[in-house]
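Below: one structure, written as structure tokens.
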Amino acid sequence: MTTLTQHTEPPAARPTATRRPTGKPRRTAAGTLLSRGVVNGLLLVAAFYTLMPISWLLIAATKNHRDLFATSGFAFGDFHLLANLERVLTYHDGIYLRWFGNSILYSVIGSAASTLLCVATGYAFDKYEFRAKEKLFGLVLGGVLVPTTVIQLPMYLLATKAGVVNTYWALLLPALVNPFGVYLARVFSEGYVPGEVLEAARVDGAGELRTFARIGLPMLAPGFMTIFLFSFTASWNNFFGALVMLNDEQLYPVNLGLFMWNSVTQQQPEFYSLVITGSLVAVVPLVAAFVCLQRFWRSGLTAGAVK
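So for the sequence shown, full-length UniProt numbering puts the first residue at 1; every next one is plus one.
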């Protein structure tokens, strides 16, 4: 018997298709690099635009009266910063120090009282139920849409009737009203103060004021500092309100005092160095406030990012 054996050849291996790079990752990396370059370029332009006036002010404050007009704006002259500071602080029996102290009073005391009132009001709008609650809150939000310059004349007439024109109260009392601060306080209260914690405090016998002071207010510390910084900046830069309400130079804030100095520079050019150096000193509290309190408002801005 003959056995026929068939020799079968193994199947030929199929040629693997060589994939050509499509170039998408390269284009994606290039697009990412381009977008980063555009964003960084815009940030550099914004930083340059922001820092250029401050740089000019810092350089100009180091010059004497001759170098201020004889050199370029961003060119250094002889260093006279200390002499300029001494002249500003001692001119007219130290009136600048009086203006600076008035600004501290208006901004710190007024902003602290305004912030406490805003936080308590926003907390009440969030945690309590009462009649016409949302309508009242809508009325508060309507106050945000009204420019402060529009209400200066009515406020002056009210201050005249109350007899507080040309006093410290003329700027401290209007600073207590801050509709935008009430809105921010309600938002912070919704995110920072759980209702369960308040209910537990009430079960333990704590009253409403004690609950707010011991539990609600500490939890709202980031929101408090954020609102305080906004209010502090607005009060420090409140020029028009002081111009309308005050006539006595002993009550001027620093910005209104510098404006009065600047108004006589055409007749007395030596006041230019006083205005420039005084403006540099007036910027310091704002920078110090944001640097020292940035950890609070940064935590407030990131509220709700992590649960």
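All C-beta atoms in this analysis are idealised placements derived from N, C-alpha and C, irrespective of residue type, glycine included.
Remember, predicted model here, so these are calculated numbers, not experimental data.
Length of the line joining the Cα atoms of Leu153 and His80: Taking the straight line from one Cα to the other gives about 43 Å.
CA nearest to the CA of Tyr183, picked from Val108, Leu139, Asn247, Phe232: For the residues Val108, Leu139, Asn247, Phe232, the minimum Cα distance to Tyr183 belongs to Leu139.
Beta-carbon proximity of Phe239 to Pro253, cut-off 9 Å: Yes, Cβ-Cβ distance for Phe239 and Pro253 is below 9 Å.
Distance CB(Ala175)-CB(Ala113) smaller than 9 Å: Their beta carbons are under 9 Å apart, which means Ala175 touches Ala113 by this criterion.
Separation of Ile109 from Tyr91, as counted between CA atoms: Approximately 27 Å, taken between the alpha carbons.
Asp67, DSSP secondary structure in three states: Helix.
The segment 133-151 in contact with the segment 213-220 per 3-pair CB rule at 8 Å: No: fewer than three Cβ pairs fall under 8 Å.
Three-way DSSP call (helix, strand, coil) for Pro25 in this model: Unreliable positioning characterises Pro25 in this predicted model, as indicated by a pLDDT of 48, which lies under 50. The coordinate reading is nonetheless provided below. Three-state result, Pro25: helix.
Cβ-Cβ separation, Ala185 to Gly223 (assumed contact under 8 Å), whole Å: Ala185 and Gly223 do touch by the CB rule: their CB atoms are close to 6 Å apart, below 8 Å.
Cβ neighbour criterion (16 or more within 10 Å) applied to Ile227: Per the 10 Å Cβ criterion, buried.
Neighbourhood of Gly122 by C-beta distance below 6 Å, restricted to the same chain and skipping five residues each side: Listed in chain order, the non-local C-beta contacts of Gly122 below 6 Å within the same chain comprise Val182, Ala185, Arg186, Ser189, local neighbours out to five positions each way being set aside.
Beta-carbon proximity check, Leu256 vs Trp99, cutoff 9 Å: Less than 9 Å separates the beta-carbon of Leu256 from that of Trp99.
Expected contact under 8 Å - CB spacing of Leu85 and Thr277 to nearest Å: About 6 Å separates the CB atoms of Leu85 and Thr277; that is less than 8 Å, so the two are in contact.
Segments assigned beta strand (DSSP E), at least 3 residues, entirely inside the segment 82-117: Taking only runs of at least 3 residues, no beta strand (DSSP E) segment lies wholly in the segment 82-117.
Candidates Leu172, Arg131, Cys118, of which the one nearest Ala221 by Cα: Distance from the Cα of Ala221 is smallest, within the candidate group Leu172, Arg131, Cys118, for Cys118.
Inter-residue spacing [alpha-carbon to alpha-carbon] between residue 318 and Tyr96: The structure shown does not extend to residue 318, since the chain is modelled only from 1 to 307, so the question has no answer here.
Inter-residue spacing [alpha-carbon to alpha-carbon] between Gly101 and Val45: Gly101 and Val45: Cα-Cα distance of roughly 36 Å.
Alpha-carbon to alpha-carbon, Met219 and Phe197: The sequence given here places Val at residue 197; Phe does not occur at that position. Distance between the alpha carbons of Val197 and Met219: 11 Å.
Close beta carbons around Leu293, own chain, < 8 Å, minus the five adjacent residues each side: For Leu293, where only same-chain residues beyond five positions count, the Cβ hits under 8 Å are Met225, Phe228, Leu229.
Extent of the continuous alpha helix (DSSP H) to which Ile276 belongs: For Ile276, the uninterrupted alpha helix (DSSP H) segment begins and ends at 271-292.
Among Tyr106, Leu82, Pro194, Glu270, the one whose alpha carbon lies nearest that of Thr167: Among Tyr106, Leu82, Pro194, Glu270, the Cα nearest to that of Thr167 belongs to Tyr106.
6 Å Cβ shell around Ala75 - same chain, five flanking residues per side excluded: Around Ala75: no qualifying Cβ.
Close Cβ partners of Asn237 (< 7 Å) along its chain, the five nearest in sequence each way excluded: Excluding sequence positions up to five before and after Asn237, its CB lies within less than 7 Å of the CB of Asn255, all in the same chain and listed in chain order.
Simplified DSSP assignment, three categories, for Pro53: Pro53 falls in the helix class under three-state DSSP.
Three-state class that DSSP yields for Asp126 in the structure shown: The answer is helix: DSSP assigns Asp126 an H, G or I state.
Distance CB(Gly73)-CB(Trp56) smaller than 9 Å: Their beta carbons are under 9 Å apart, which means Gly73 touches Trp56 by this criterion.
Spatially closest choice to Asp126 from Val193, Leu209, Val283, Ala200, by CA coordinates: Distances from the CA of Asp126 to each of Val193, Leu209, Val283, Ala200 were compared; the closest alpha carbon is that of Val193.
Beta carbon of Gly143 nearer than 9 Å to that of Val177: In this structure, the beta-carbon distance from Gly143 to Val177 falls below 9 Å.
Beta-carbon separation (whole angstroms), Val165 vs Leu173, contact threshold 8 Å: Between Leu173 and Val165 the Cβ distance is about 11 Å, and since that is not below 8 Å, they are no contact.
Between the CA atoms of Gly31 and Arg66 - distance to the nearest angstrom: Going by the C-alpha atoms only, they are around 52 Å apart.
Integer-rounded CB distance, given that Leu68 should sit under 8 Å from Leu280: Leu68 and Leu280 do not touch by the CB rule: their CB atoms are close to 13 Å apart, not below 8 Å.
Same chain, Cβ closer than 7 Å to Ala159, five either side skipped, listed in chain order: Within the same chain, Ala159 has close Cβ partners Val165, Ala170, Met245.
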